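Enquirer: So our numbering is basically just the index in the sequence shown, starting at one, shifted up by 85. Below is the structure I would like to discuss, written out as structure tokens.
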Amino acid sequence: MACKLLLKRKECIGAGQCEAISPQIWKVMGDGKAELRGATLNPKTGMYELVVDDALLKTQKIVAGSCPVGCISLEKS
Ligand code: SF4
Numbered sequence: 086m087a088c089k090l091l092l093k094r095k096e097c098i099g100a101g102q103c104e105a106i107s108p109q110i111w112k113v114m115g116d117g118k119a120e121l122r123g124a125t126l127n128p129k130t131g132m133y134e135l136v137v138d139d140a141l142l143k144t145q146k147i148v149a150g151s152c153p154v155g156c157i158s159l160e161k162s
């Protein structure tokens, strides 16, 4: 089942856990905030969204649980 990975980028403090766990789609950028590769910004919610498949889902649950400010979440899509 596909899920949507959500990033509230303005709340990111650049701690880097996401990139350490899953560097294939997470990277802390020069502005000190994480980028979720391939994600699109939802102008209604202000969140970046990326649909992830089952292969990525398990790791992204760990990523979401590791973010110290809780700015990463998962939602059924
Ligand atoms: S783990 Fe959270 S706070 Fe840390 S860089 Fe990633 S999104 Fe930002």
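Virtual Cβ for every residue (Gly too), placed ideally from N, Cα, C. This one's a predicted model, so the numbers in the text were calculated from it and none came from an experiment.
1) Where does the unbroken alpha helix (DSSP H) through I106 begin, and where does it stop?
2) Among I157, N127, Y133, which has the Cα closest to the Cα of T144?
3) Decide if S162 is buried, meaning its Cβ has at least 16 other Cβ atoms within 10 Å, or exposed.
4) Please work out which residues of its chain come closer than 6 Å, Cβ to Cβ, to L135, disregarding the five sequence neighbours upstream and downstream, and give them in chain order.
5) Please classify A80 as buried or exposed, where buried requires at least 16 other C-beta atoms within 10 Å of its C-beta.
6) Expressed to the nearest angstrom, what Euclidean distance is found between the alpha-carbon atoms of P108 and K146?
7) Is the distance from the Cβ of V154 to the Cβ of C103 below 8 Å?
8) Report all residues from its chain with a CB closer than 7 Å to the CB of D138; omit the five preceding and five following residues, and keep chain order.
Expert: Considering the structure as presented:
1) 102–106
2) I157
3) exposed
4) L90, L121, G123, A124
5) Within the shown structure, residues of the chain are numbered from 86 to 162, placing residue 80 beyond reach of any answer.
6) 14 Å
7) no
8) A87
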